[in-house]
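The listed protein sequences correspond, in order, to chains A and B. Residues 4 to 117, numbered by my numbering, are exactly what the first sequence covers, in order. Residues -9 to 489, numbered by my numbering, are exactly what the second sequence covers, in order. Have a look at the structure below before the remarks.
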Amino acid sequence: MEAFWAVITGLLFSAGIFLMLRRHLAKLILGLILLSNAANLVIFSSGGLVKGHPSIIPPGEATLPTPHGDSLPQVLILTAIVISFGVLGYFLTLLRSAHKTAGTEDLEQLRGLK
Amino acid sequence: MIDLLLFLPITVPLATALLSVIVRDRARTSAFVGVVGAGVLLVVNLVLLVRVQDLGILVARPGNWDAPFGITLVADYLSAAMLAITGLIGLAVSVYALTDTAERYRHKNFFALFHFLLMGVCGAFLAGDLFNLYVWFEVMLISSFVLLTLDRSREQLVGAVQYVTINLVSSVIFLAGLGLLYGNTGTLNMADLAQKLTLSEDAMLILSSSVFFLIAFGIKAGLFPLFFWLPGSYHTPPIAVAALFSGLLTKVGVYALIRSFTLIFTQDQGLTGLLLPAIAGATMVAGVLGAVAQSDIRKILSFHIISQIGYMIMGLALMTPLALAGSIFYLIHHIVVKTNLFLIAGMIARAGRGFHLSKLGGLLNAKPYLALLFLIPAFSLAGIPPLSGFFSKFIIIRAGLETGDIALVVTALVVGVLTLISMTKIWQEAFWKAQPEHDEDDQPKKSVGVAQWVPVAALAVITVIIGIAAEPVMNFAETAATQLLDPAAYIAAVLGGQP
């Protein structure tokens, strides 16, 4: 299970970096979305993946049964998702201003190089 | 009571920011709220500094969850010093901004963003666990993104795309490193991590996560070769914003580096122990050489931020008590001086015609006091005695001689001389040479407001005081360095009586 998610995370990272190296602003944003999701998956899978055992103490017992899932990584990711959502929202307004003020989303043209 | 004091550096800017959103339609009230909020923050942080000196390391647990399970706020000497200096810079820049920035950008919530940024900076200095550090970094970054693009001009957009992208990449790397560390140790509390990693024999885990952190914080601090975003964006926002960024943002990165490499990754420093000195030297040289080619004052100053960061990392790389004390002294001195130079650049641009050296000239006769005020931080930056920059460089270089890192010492000395050359370039072009002919389309001269003179003069006086009263500052920095190098007290304060 972990190996599968490791491969998926690797693919997301490489796809994200590939997209970020494009000249188009929209592709840059897509690349960043992939990157931040890849980082979230790293946290998610490094916390250990346990299926079907929520970290809830059953009625009548004093401690958690083993095995049980770790819920902290999910809490961390939830925060990270909200933050990256906000940042990407901001990035979209940048894209729109680039379109409005310069009439282009090509980064080279925006810098006046072409 | 102590607990409450630790929350105030975060809640005061938060309250001020929310209040300034409410009153933004009334110019005077909004300015009043912005400046008073910054003043209160300075007072709170100074009280905190005194309390830390009296009582030792302060710890607060929101929600009464014990560490390492809950969130912890920690203030030791280093944190308290950084908080106090943040308060000072916040107040100075908010007063300075009254002259044009605050008025012009009132409807874009200038003061609200300004105080959200201060909240993020203060939170990062207080955070006792890595995930909170990440969250405060983001609070700080998101406010800085918006402040950077207040005008939405083409130049700002280009700068912002670089700045936002590289900072997001840095956050992603930080987050991934944090995830790996959590997966292997099951904790994110820095004190708890320090304990667990000391016992850990997994060299690969320590090495891989320390490199993640080195790169993530290195981007934020502007280390070689990850600094290109800084001179690419710092010259675009209004000068008050640039001054705030130049003083505080990269220094939060340096703080995070010092904190993580003195507390968490203290064991085997094989790779990072080799890398840090090389990075420090390269950062100093790259910054100072980059500045030589520039002719926009703001760009010259931006490149000098990078070379100065190199000195602080040199102190961290040497890792002796004296060297770390030098780094802390350098941090304190640098924040004051660099912010002041940016603020003065704004006054030069108003009194002359913009930031470009070819358009400037004749200011020595036109504004003799401005010339004097420029000389103080400029000489201090270059390390001329008896100003603050001399002592901070002197301590670090002496620490380098003690450990025998002659190559680094020579680099530091040469970079110091090159810094002086750069400062004399600004002096010669802006103040000494005759006023050049100007075209119709050049920017007109503007008057310099009282609200600009006061903070600049105050920061210059503080620079002189740090120079004259170097001994108490040095004693403070030495205590801070001792605390950093012996994390037992920090760990005990955070984890309490737990094993």
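Think of the CB as a built atom: it goes at the ideal place given N, C-alpha and C, for glycine as much as any other residue. Remember, predicted model here, so these are calculated numbers, not experimental data.
- Any Cβ of chain A closer than 9 Å to the Cβ of B/PHE(-3) would place that residue at the interface, and such an atom is absent.
- In this structure B/VAL444 does not touch B/SER378 by the C-beta definition: roughly 20 Å separates them, more than the 8 Å allowed.
- The C-beta of B/HIS294 has 16 or more other C-beta atoms within 10 Å across all chains shown, which makes the residue buried.
- For B/GLY173, the neighbours in chain A by C-beta distance under 9 Å run, in chain order, VAL45, ILE46, SER48, SER49, GLY50, GLY51, PRO76.
- With a threshold of 9 Å between beta carbons, A/VAL90 makes contact with chain B.
- The beta carbons of B/ALA313 and B/ILE248 sit no closer together than 9 Å.
- Residue A/GLN77 holds the alpha-carbon nearest to the alpha-carbon of B/GLY169 among A/HIS71, A/SER58, A/GLN77.
- At least 9 Å separates the CB of A/LEU22 from every CB of chain B.
- Taking all protein chains in view, the Cβ of B/PHE207 is crowded by 16 or more other Cβ atoms within 10 Å, so the residue is classified as buried.
- The C-alpha of A/SER74 is placed about 21 Å away from the C-alpha of A/ILE11.
- Taking CB atoms only, B/ARG142 has a neighbour in chain A less than 9 Å away.
- Assignment of beta-bridge partners to A/HIS27 by DSSP yields A/ASP109.
- Under a 10 Å Cβ-count criterion, B/GLN473 is classified as buried, with 16 or more other Cβ atoms of the shown protein chains found around its own Cβ.
- Non-local C-beta neighbours of B/LEU408 in its own chain, meaning closer than 6 Å and more than five positions away in sequence, comprise VAL278, ordered along the chain.
- At a cut-off of 9 Å between beta-carbon atoms, A/ALA41 makes contact with chain B.
- DSSP places B/ALA57 outside both helix and strand once states are collapsed to three, so it counts as coil.
- Annotation: B/ALA50 is outside any alpha helix (DSSP H); the continuous beta strand (DSSP E) that includes it extends over 48 to 50.
- At a Cβ-Cβ threshold of 9 Å, B/ALA71 and B/ILE303 do not count as neighbours.
- Separation of B/LEU308 and B/ALA389 (C-alpha to C-alpha, rounded to the nearest whole angstrom) is 8 Å.
- The residues ALA105, in chain order, have a CB closer than 8 Å to that of A/GLN112 in the same chain once the five nearest residues on each side in sequence are set aside.
- Taking 9 Å as the CB threshold, A/LEU31 lines the interface with chain B.
- Ranked by how close their Cα comes to the Cα of B/ASP141, the residues B/ALA184, B/PHE164, B/ILE229 have B/ILE229 in first place.
- When DSSP assignments are scanned along the stretch 172 to 207 of chain B, the uninterrupted stretches of alpha helix (DSSP H) that are 4 or more residues long and fall wholly within it turn out to be 180 to 189.
- In terms of Cβ geometry, B/VAL34 and B/ALA117 do not form a close pair [threshold 9 Å].
- According to the DSSP secondary-structure assignment, B/ASP66 is paired through a beta bridge with no residue.
- Ranked by Cα distance from B/ILE0, the options B/LEU107, B/ALA184, B/ASP15, B/PHE100 are led by B/LEU107.
- As far as DSSP is concerned, B/ALA424 takes part in no beta bridge.
- B/LEU333 is positioned such that its CB atom lies closer than 9 Å to that of B/VAL83.
- Within the same chain, and ignoring the five residues on either side of B/LEU195 in sequence, the residues whose Cβ sits closer than 7 Å to its Cβ are ASN174.
- Contact check for A/LEU28 against A/LEU110 passes: the beta carbons are separated by less than 9 Å.
- Out of B/PRO311, B/ALA272, B/VAL438, the CA that lies nearest to the CA of B/THR252 is found in B/PRO311.
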